[in-house]
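Okay, so here's the structure we're looking at.
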Amino acid sequence: MPQDPTERRVVVTGPPRRTRRAPVPYRPRTEIDEQTTLGHTYVRSLMRTQLRAALAVFAVLVLLVGPLPLVFAAAPDARRLQWAVLGFCLYAPLVLLARWYVRRAERNERDFVRLVEDR
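Each residue of the sequence shown is one higher than the last, beginning at 441 in our numbering.
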């Protein structure tokens, strides 16, 4: 096959003029910082889990403390019993409930950070 004189091979010996950029690794943190739709979804999921924990604590609190005025109204002469219930019997469940909520909130935040940092 004879070569056409107009066809010539060009040999490039210099460095390439255009370099291909290295692929940017996917980072959810940049999605959050740039406030993209995906970043908004990440933050919204964290807020939803925190709200779920707060509503659970609120529901238990309402069930625990809500009926107390009715109980106290049924026995108006038992002032010492009322103070004992409010001062001693209610304190321990409230502390345990608060402790559970703080541990749950911290675990939610840790899971969120693990989701955002890893990948």
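Even for Gly, the Cβ is constructed at its ideal location relative to N, Cα and C.
By DSSP, does residue i sit in helix, in strand, or in coil?
{"i": "Pro507", "result": "coil"}
{"i": "Gln475", "result": "coil"}
{"i": "Pro533", "result": "helix"}
{"i": "Gly527", "result": "helix"}
{"i": "Pro463", "result": "coil"}
{"i": "Asp558", "result": "coil"}
{"i": "Glu546", "result": "helix"}
{"i": "Thr489", "result": "helix"}
{"i": "Asp551", "result": "helix"}
{"i": "Arg520", "result": "helix"}
Any idea if residue i is buried or exposed, counting beta-carbon neighbours within 10 angstroms, 16 or more meaning buried?
{"i": "Phe437", "result": "Outside the displayed span of the chain (441 to 559) sits residue 437, for which this structure offers no information."}
Give me the residue from the options with the minimum Cα distance to residue i.
{"i": "Gln490", "options": "Val556, Glu549, Arg554, Glu557", "result": "Glu549"}
{"i": "Arg543", "options": "Ala493, Glu474, Val450", "result": "Ala493"}
Cβ of residue i within 8 angstroms of any heavy atom in the ligand GDP?
{"i": "Ala514", "result": "No copy of the ligand GDP occurs in the structure displayed, which carries no ligand at all."}
*Examine the Cβ distances between the stretch 526-546 and the stretch 462-476 and report whether three or more of them are shorter than 8 angstroms.*
no
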